[in-house]
Amino acid sequence: MLDEQRKKVLVIEDDPNRRQLYYRALELANYWVLEANRLRDSDRTGQDDDEKVLSVMHQIGRHFFHAAVIDLSLIKEDAQNRAGQEALTVINNYKEGTKCIVISQYGKDEDVREAWRVRGAYDYLPKRTYSRETFLVLVESAVKEAELRINAMLTKFSYYILVDVSARTQAQEKLKSGGSEEIRSIVDEALRHYFPYDLQCKSATFESICIGDVQHCLLLIKLWSRYLGGALELRVGSREACQFRQIALVAGGKKSGVDFKVCEIDPRDKLVGLVEYLSSATIEEFASVQPEQDEE
Amino acid sequence: MLPSKLASILIVEDEVPWQEIYQDMLQDKYALTFAGTLQQAEAALSSNRFDLAIIDPGLDLRDRSNLDGIKVIKRIATLDSPVPVVVVTGDKTRVQADDPQLNGFIAAVIEKSAPVAKVTQAVETILKSPIAKSAETVEAVLNISRAQNRWRYLSRPAPGVTGYEAFKQVVNQLLRLTNADVAHLLVPTDSELEIIVATGQDEGRTFRINDSVTGRAYRTRESINLGDARSDPEYKPPVKAPQMNSELVFPVQRGNEIVGVLNIESQRYHAFGEWHKELMSAFADLAVLMAQNERRQREVEALQFIARELLRSALNLDMVWQSILGRGLEMINADIGFLATKEDYKRLRIKAATKEHVQGQLLDIDTSVAGLAVRSELPQRIDDVFNDERTSLFRDSLDPIVLSVLAVPIQLDNQTIGVLNFESKSPHAFTAEDEKLILFLNDYASLAMRMERQAREQADYEGIRKQNTLAAKFLHNGGTPICNIRDWLDEIRPDEFSELKEQFPNIALVISYIRKSTIPLITLVNQLYDQVVQEVSLISIDVNATIQSAIADALSMEREYAVNIVTQLAPDLPRTLANDSLKDVFVELLQNAIEAMRSAGEIQIGTELLPNNTIRVWVSDTGEGMTPIVRQHAFNSGFTTKNRSAGMHGLGLSWCKQFIETTCKGSIYVEHTEPGKGTTMALILPACANNIKNSAFPQH
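Keeping their order, the protein sequence lines are chains A and B.
When we follow my numbering, the leftmost residue of the first sequence carries the number 1, and every step to the right adds one.
When we follow my numbering, the leftmost residue of the second sequence carries the number 1001, and every step to the right adds one.
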């Protein structure tokens, strides 16, 4: 089950022993912890073959993180490698307010200086003075600050391009009510509170539902939310069709990991939105779905 | 061999400087293949065909007895078409030319102390005439035997060298002006006079000093004018020339010393008079002058060569000693000599020597002329060793065949560190000018010594650095696991631990022991980090200059603020040991001050030397000041109460504190703060001697 209440922390550390330490501490403190041990997928991983542990690029492409814990040296045999610093830059380039906490090694003062001065690290913790309490306090303060930033950014997001461009005319015709402005406002409202950041693998298609003898049409938008780190489907259509769909989902009850929410926003009560979380879906499944071309 | 194809040469030499020398000399004309070890040489020989091989017998600098080069020659001897070999060695005795296995393959043996041009000449000669393979032939062609150069001021230059041409001109002019038929210039060898320049075919012919007309002139230092030469019993007619009837012989003198003889002969009787004698006198002076010039030129070349060698082989003193000795022998035309350095207060050790002395041998300072020079710190030129009062105390221990000695001390920083010693079997062999020349040469010896010392210091420093790199590696790879143990033990919560204690008291005991043991381990690692690793990266830093540069940085980052920065920097402030990050500390303090003032204001930054030899740096602003809570947490990482999203630098101060305390061994604190009025931050840095960097950690 996707849990939008748990804050996400990315632990970037190549030493499995050390990574487990951070993982455990954060997990017990009720963070949603994801792990990375290398910058790119192609970088070597050494003997670390935990399947959950991926590359920074992989994780950051699928998830938004409130905070990241970074070990600056990611290749044990090469004390001079810059992978940690690069990871810091990659994360900060997303400009999502992710706060990076650098864990520094012995004899690496210069690296901390660079991480802080040049690459915008939020804070640092030398290994020699590490303690569980300090670590958790640091992460907590980083996550809090990231949240402030997220709230400030919420209103900046809009999805009208998705609907307007790919299915505007179709949507108006097939939904048989409302105009593009209404559809847009439904989509915006439905997504705004949950998915403030970059949504990937967008697609907009149509879904037909027969209720009795009547054919109903729903606009189906498939999205990957980095904020949630999961897939979701948004359906927009008549209240009747959406409710039918909702009842079907509840009654079916078998589709594991499905959560949904009906947004009733339209003042004329013609259109509503239904949001489903698909926690079992992977980003790769979404990548294969292409937006349907407007037939006109 | 096709004309378009370059002759290919295999060079078997382990020393890189020599490889470079060969490369410089030969790469334009020949295709070179280098091999540094026996294996490389064998690989090269089995895969390629070579026209010539240049081989150093010893292929391991650390092992003087290494003779892998000889093995290469033996390998060459087994080839179907053997390659002529030029042996270039620092020590000729290592090549046993009489070894039947090698004989016939070694085309030339050249000492490393000889001018490098000789190698080029040898290569050219051998490649031009493949028949000339025996060592003797090439020796003759190259004229490298120093024994033929006995004559000290009119030494016989090789054909093609300017000096010879000059003498040839002198003799030709003399012949033309005097209307003589034959003219010669002779120089003394051991007991004979040798014709070094002749208008006829007599070049190389020798006359006994005690049984010839020229010898008589040499002995008596008087000119001899023979109107009827053949009536003189000592007269020796020239080879393959018409019968000569008159002869004029004139001794060539330089100062009081006789250095050669000029000789003209004519078919006419009584052909020469006083005028001819005067003319001869002028030509004799001219010859001496030319010889001197030629000699000077050679000296300059020799010194240039030494300088080049010094640069090329700055780390290989043995080579430099050999080279300096070789040059010295050549410059003053001596045969026997050695270079010794001071082993301790009563002994010298021979570092380079001609075959009469043993390299590595110890000499007693009290019983040798060389020791005399070292003790007196003055050059010792002894014309007759067994009749000189300076040697009276240790005459018994002297070599009976050595009659004259020139020993010149080598000095470095006003201390005598060694001696350059030349010997001769004849008395009065060395002149005051020789002494001066060797003094000059010794400057190069001391220069070499200085370079070697610096190299050694550098090596020591490199050694320290290597150790510290090792320590850093240990900390990087070992520090983390040790911290892991500590931090994992820390993961056991107190309630869990008491539960464990109840259920498994033994395991709990083990864990508590492990926990106790990690504490000193962590302390040790931290100490290692503080003392060893940090020190390597420290350099002495000028605090005032760093502040100036930090001000520039801080202002460039914060343009929107109109602040005035006033500096009060103490002059003649000692330096402190830190690294480049010190600047960031100042930048951080300045930025905090600028931010604290929001708008315009004044920042004062100053330095002073405190009586306890520490440097105090303060930064004061007229900003908003700190509340007691802020002050309490100002340096805490993660505890800042400032709103960081507004651009405040909570991390900055905690990093500054960490850096100043662990790296600089100083302290940083809030000296004074008053809400609404401003803050003064202060830093205490330990002062260091201004020159500490040069002595402890040479800069590179």
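The beta-carbon is built from N, C-alpha and C at its ideal position, and this holds for glycine as well.
Using only alpha-carbon positions, find the residue among M1451(B), R1493(B), I1336(B), G1360(B) that is nearest to V1402(B). I1336(B)
So which residues of chain B does S131(A) contact, with C-beta pairs closer than 7 Å? Result: D1490.
Could you give the DSSP three-state label for Y22(A): helix, strand or coil? helix
Please classify R1349(B): does DSSP put it in a helix, a strand, or coil? strand
What number of angstroms, rounded off, separates the C-alpha of C1664(B) from the C-alpha of M1025(B)? Going by the C-alpha atoms only, they are around 53 Å apart.
Using the rule of at least 16 other Cβ atoms within 10 Å of the residue's Cβ for burial, across every protein chain shown, is P1130(B) buried or exposed? With a pLDDT of 41 at P1130(B), under the threshold of 50, the predicted position of this residue should be treated as unreliable, though the coordinate-derived value follows. Result: exposed.
L1398(B) versus V1369(B): straight-line alpha-carbon distance, rounded: 9 Å
Taking 8 Å as the CB-CB limit, is N1592(B) close to chain A? no
Quick one: any contact between the stretch 1428 to 1440 of chain B and the stretch 1381 to 1400 of chain B, if contact means 3 or more CB pairs under 8 Å? yes
Reduced DSSP secondary structure (H/G/I, E/B, other) of V1016(B): helix
Rounded to the nearest angstrom, what separates V1197(B) and H1184(B) at their Cα positions? 6 Å
By the 10 Å Cβ neighbour count, where 16 or more other Cβ atoms means buried, how is H1270(B) classified, buried or exposed? exposed
With respect to the beta strand (DSSP E) encompassing M1681(B), which residues constitute its N-terminal and C-terminal limits? 1678 to 1688
Where I1106(B) sits in the DSSP three-state scheme: Of the three classes helix, strand and coil, the one that applies to I1106(B) here is strand, per DSSP.
Counterpart residues of P1251(B) in DSSP-defined beta bridges: P1251(B) pairs with V1261(B).
If we define contact as Cβ-Cβ less than 8 Å, is R82(A) a contact residue for chain B? Judged by the 8 Å Cβ criterion, R82(A) is not in contact with chain B.
Taking the beta carbon of M1557(B) as the centre, do at least 16 other beta carbons fall within 10 Å, making it buried, or is it exposed? It counts as exposed.
S73(A), DSSP secondary structure in three states: coil
Please report the Cβ distance between A142(A) and A67(A), rounded to the nearest whole angstrom; I am assuming they are in contact, meaning their Cβ atoms lie under 8 Å. A Cβ-Cβ distance of about 4 Å is found for the pair A142(A) and A67(A), placing them in contact under the 8 Å criterion.
Name the two residues that bound the continuous beta strand (DSSP E) containing V1419(B). 1415 to 1424
Please report the residue range of the alpha helix (DSSP H) in which A1373(B) lies. 1369 to 1376
Please list, in chain order, the chain A residues whose beta carbon lies closer than 8 Å to that of D1584(B). R113, R117
Continuous beta strand (DSSP E) stretch holding C100(A): start and end: That run of the beta strand (DSSP E) goes 99 to 104.
Alpha carbon to alpha carbon, how far is A1241(B) from M1290(B)? If I take the Cα positions, the gap works out to 28 Å.
Excluding sequence positions up to five away, which residues of its chain have a Cβ less than 8 Å from the Cβ of M1626(B)? A1634, V1670, T1673, P1675, T1679
Cα separation between Q220(A) and T205(A)? A small fix is needed here, since residue 220(A) is Leu in this sequence, not Gln. Between L220(A) and T205(A), the C-alpha separation is close to 5 Å.
For D1553(B), return the contacting residues in chain A, with the cut-off set at a CB-CB distance below 8 Å. In chain order: nothing, as chain A lies at least about 10 Å away.
Confirm, please, whether the CB-CB distance from P1251(B) to S1212(B) is below 8 Å. no
In whole angstroms, what separates the C-alpha of A1583(B) from that of A1682(B)? A quick correction: the sequence has Lys, not Ala, at residue 1583(B). If you take the alpha carbons of K1583(B) and A1682(B), they lie about 15 Å apart.
Do L148(A) and V102(A) count as a contact pair if the criterion is CB distance below 8 Å? no
Does R1486(B) pass the burial test, meaning 16 or more other C-beta atoms within 10 Å, or should it be called exposed? buried
For G1479(B), the first and last residue of its enclosing beta strand (DSSP E): No beta strand (DSSP E) contains G1479(B), which DSSP labels as neither H nor E.
Is C1483(B) close to chain A? Criterion is C-beta to C-beta, closer than 8 Å. yes
Across which residues does DSSP place E1111(B) in a beta bridge pair? Answer is T1089(B).
Once DSSP output is grouped into helix, strand and coil, what is the label at R1230(B)? helix
Return the first residue and the last residue of the alpha helix (DSSP H) that N92(A) is part of. 83 to 93
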